[in-house]
Amino acid sequence: MEMPSIASTMRDIIFEYENTPVRLQALRKIGRIETVGIIIEEVEAEEEFTAPLWVAWELVEAGLARFLEEEITGGEWTQIHYRERVHPPGRLTELPEDFYRRAYLTLEGMR
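All letters in the sequence shown, in the order written, are residues 1074 to 1184 by my numbering.
See the structure below:
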């Protein structure tokens, strides 16, 4: 059996990440959204709902919703940086399960 290529593995990882469900809050009424394999029912203004990350970005950029995911605070960045510095070289520091998603949302929000 042939091993998958690095490019193929990376595409799979990116696909999985972009389809990670995230929490949103509608800023105004959003009609039903239907695309291949995804249905998001109609949402009223101020209502919370979940959507895949790639759909969420489209809704946020269109001004229809905002992310409810917590951004990483300055204190959390400092704490993680401190743990990395005092950790023995060659060993990885354990990060919270949702760290990379939250970091991505935090950094994208700074643009």
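All residues carry an ideal CB built from backbone N, CA and C; glycine is no exception.
Status (buried if at least 16 other CB within 10 Å, exposed otherwise) for residue i
| i | result |
| --- | --- |
| ALA1135 | exposed |
| ARG1084 | exposed |
| PHE1140 | buried |
| ILE1080 | The question names Ile, yet the displayed sequence has Ala at residue 1080. ALA1080 is exposed by the Cβ-count criterion. |
| ILE1112 | exposed |
| ALA1118 | exposed |
| VAL1116 | buried |
| LEU1097 | buried |
| ILE1086 | exposed |
| ARG1164 | exposed |
DSSP beta-bridge partners of residue i
| i | result |
| --- | --- |
| PRO1125 | PRO1094 |
| ALA1080 | Paired residue(s): none; ALA1080 is not in a bridge. |
| PHE1140 | LEU1097 |
Beta-carbon proximity list for residue i, same chain, < 6 Å, skipping 5 on both sides
| i | result |
| --- | --- |
| TRP1130 | none |
Contained alpha helix (DSSP H) runs [length at least 4] in the segment 1087-1116, N- to C-terminal order
none
Quick check: the segment 1118-1127 against the segment 1098-1105, are there 3 or more CB pairs under 8 Å?
yes
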